[in-house]
Amino acid sequence: MTRKKILLVEDNPDDVALTLRAFKKNNILNEVVIAADGQAALDWLFGEGVHAGRDPADVPAFVLLDLKLPKVDGMDVLRALRRDPRTRLLRVVMLTTSREEQDVIESYNLGANSYIRKPVDFDEFIKVVGQLGFYWLILNEPLPPGE
-9 MTRKKILLVE DNPDDVALTL RAFKKNNILN EVVIAADGQA ALDWLFGEGV
41 HAGRDPADVP AFVLLDLKLP KVDGMDVLRA LRRDPRTRLL RVVMLTTSRE
91 EQDVIESYNL GANSYIRKPV DFDEFIKVVG QLGFYWLILN EPLPPGE
């Protein structure tokens, strides 16, 4: 059985490196696709732009989505995902530094499956990412194929 990919949408290279390190440290061996901005994420998911020809039916296990992104911000990415029938049920975890209550509310109103604040402490970040991987890849029951 092939492991599903994880899409990490993050513009901060330090946070990308930290997340990849946290996955490795927690033995999460799924391939991680990195999109450095919201438009790159949408292009990858929908098989457009530089990803033309990629099968958009091959959806990731889940998306880790930052809010503050160049080109297309995280909320607009989430809106686009929920508007399209191919991705409307895709599991999206907002992983951000934002402590704004309005960001939490809007994320859930737009259909985010989870909202996690990035811990600033390295050990805590490793632990949180491990728990995210365990939950979304092992515990959570995905939709049957074709749904």
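Numbered per our numbering, the sequence shown spans residues -9 to 137. Built from N, CA and C at the ideal position, the CB exists for glycine as well. Note that the structure is a prediction, hence the values are computed from the model and not measured.
May I have a chain-ordered list of the beta strand (DSSP E) segments no shorter than 3 residues that lie completely inside the segment 16 to 70? You should have 22 to 25, 52 to 55.
CB P46 to CB R76, shorter than 7 angstroms? Translated into the one-based positions of the sequence shown, residue 46 becomes position 56. Translated into the one-based positions of the sequence shown, residue 76 becomes position 86. Cβ atoms of P46 and R76: closer than 7 angstroms.
Let's test the definition: count the other Cβ atoms within 10 Å of the Cβ of K0 and tell me whether it reaches 16, buried, or not, exposed. Locating residue 0 in the sequence shown gives position 10, counting from the first residue. The identity of residue 0 in the sequence shown is Glu, whereas the question assumes Lys. By the Cβ-count criterion, E0 is buried, with 16 or more other Cβ atoms from all chains shown falling within 10 Å of its own Cβ.
By Cβ distance, which residues of its chain are closer than 6 angstroms to G101, with the 5 residues on each side in sequence left out? As a first step, residue 101 is located in the sequence shown; it is residue number 111 there, counting from the start. Correct list, in chain order: R72.
For A42, does the count of other Cβ atoms within 10 angstroms reach 16, so buried, or fall short, so exposed? Your numbering for residue 42 matches position 52 in the sequence shown. Around the beta carbon of A42, fewer than 16 other beta carbons lie within 10 angstroms, which makes this residue exposed.
Under 6 angstroms Cβ to Cβ from L54, same chain only, skipping five residues before and after it: list those, please. Indexing the sequence shown from 1 puts residue 54 at position 64. Counting only Cβ-Cβ distances below 6 angstroms, and skipping sequence neighbours, we find L(-2), V83, L85.
Does DSSP put L79 in a helix, a strand or coil? Here residue 79 refers to the residue found at position 89 of the sequence shown. In the structure shown, L79 sits in coil (DSSP, three-state: anything other than H, G, I, E or B).
Can you tell me the Cα-Cα spacing of F52 and A70, whole angstroms? Along the sequence shown, one-based indexing puts residue 52 at 62. Along the sequence shown, one-based indexing puts residue 70 at 80. Spanning the two alpha carbons is a distance of roughly 15 angstroms.
Can you confirm whether the segment 91 to 100 touches the segment 12 to 25 when touching is taken to mean that 3 or more C-beta pairs between the two stretches lie within less than 8 angstroms? Judged by Cβ distances under 8 angstroms, the segment 12 to 25 makes no contact with the segment 91 to 100, as fewer than three pairs qualify.
Taking a contact to mean a Cβ-Cβ separation below 7 angstroms, would you say G39 touches D33 in this structure? To locate residue 39, count along the sequence shown from 1; it is residue 49. To locate residue 33, count along the sequence shown from 1; it is residue 43. Against a cut-off of 7 angstroms, the Cβ pair of D33 and G39 comes out as a contact.
Out of curiosity, what's the CA-to-CA distance linking D27 and T87? Residue mapping note: residue 27 aligns to position 37 of the sequence shown, counting from 1. Residue mapping note: residue 87 aligns to position 97 of the sequence shown, counting from 1. Roughly 16 angstroms separates the two Cα atoms.
Grab me the residues of L10's own chain with a C-beta within less than 7 angstroms of its C-beta, minus the 5 sequence neighbours each way, in chain order. As a first step, residue 10 is located in the sequence shown; it is residue number 20 there, counting from the start. Hits under 7 angstroms: V22.
For F115 and I18, what's the separation of their Cα atoms in angstroms? Sequence index remark: in the sequence shown, residue 115 carries index 125 (1-based). Sequence index remark: in the sequence shown, residue 18 carries index 28 (1-based). Rounded to the nearest angstrom, the gap between the Cα atoms of F115 and I18 is 14 angstroms.
Cα-Cα separation, M(-9) to F13: Within the sequence shown, numbered from 1, the residue matching residue -9 stands at position 1. Within the sequence shown, numbered from 1, the residue matching residue 13 stands at position 23. Low confidence applies here, because M(-9) scores a pLDDT of 49, under 50, leaving its location unreliable; read the following figure in that light. Cα to Cα, M(-9) sits roughly 20 angstroms from F13.
Tell me whether D56 is buried or exposed, calling it buried when 16 or more other Cβ atoms sit within 10 Å of its Cβ. In the sequence shown, counting from the first residue as 1, residue 56 sits at position 66. Classification of D56: buried, given that the 10 Å Cβ count is 16 or more.
Does the distance from the C-beta atom of I118 to that of P109 stay below 7 angstroms? Locating residue 118 in the sequence shown gives position 128, where the first residue counts as 1. Locating residue 109 in the sequence shown gives position 119, where the first residue counts as 1. In the sequence as presented, Ile is not what sits at residue 118; that position holds Val. Result yes, Cβ atoms of V118 and P109 sit closer than 7 angstroms.
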